[in-house]
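Asks: The opening position of the sequence shown corresponds to residue 1 in the working numbering, with each subsequent residue numbered one higher.
Just so it is clear, CB atoms sit at the ideal spot from N, CA and C, and this is done for glycine as well.
Dropping a structure here in structure tokens format, bear with me for questions.
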Amino acid sequence: MNRIGDIVVSFLIGVAVGSVIGILYAPTSGEETRKMIKEKTTETLEEANKQIQKLSQELKHLKEEGEKFINDLKEKFSKKTTETKTE
């Protein structure tokens, strides 16, 4: 999951840097440029929050699956141990 997080962060940084560079080279006034930077920053932060929420949900799901798998293994191991003792 760390690799996916790195990819998402890299993408968002690229979007932010590209947006800022594009805005700085655009022929607009200083006030308009600052407004555009603020808007792009807000958009990028909102997208980052969405991606973080998505990753959080995926991690929660993986954790639940892992716990279920471990509990199933414990139960199977316990059954086998009990069967072996009774033989």
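Mind checking whether residue 55 and residue 4 have CB atoms under 8 Å apart?
Replies: Contact: yes.
Asks: Under 8 Å between the Cβ atoms of residue 10 and residue 40?
Replies: No, they are not a contact pair.
Asks: Which same chain residues, not among the five before or five after residue 16, have their C-beta less than 8 Å away from its C-beta?
Replies: 40, 41, 44, listed in sequence order.
Asks: For residue 21 and residue 36, which I take to be in contact (beta-carbon distance under 8 Å), what is that distance rounded to the nearest angstrom?
Replies: Between residue 36 and residue 21 the Cβ distance is about 12 Å, and since that is not below 8 Å, they are no contact.
Asks: Is residue 26 helix, strand or coil when you go by DSSP?
Replies: Residue 26 falls in the coil class under three-state DSSP.
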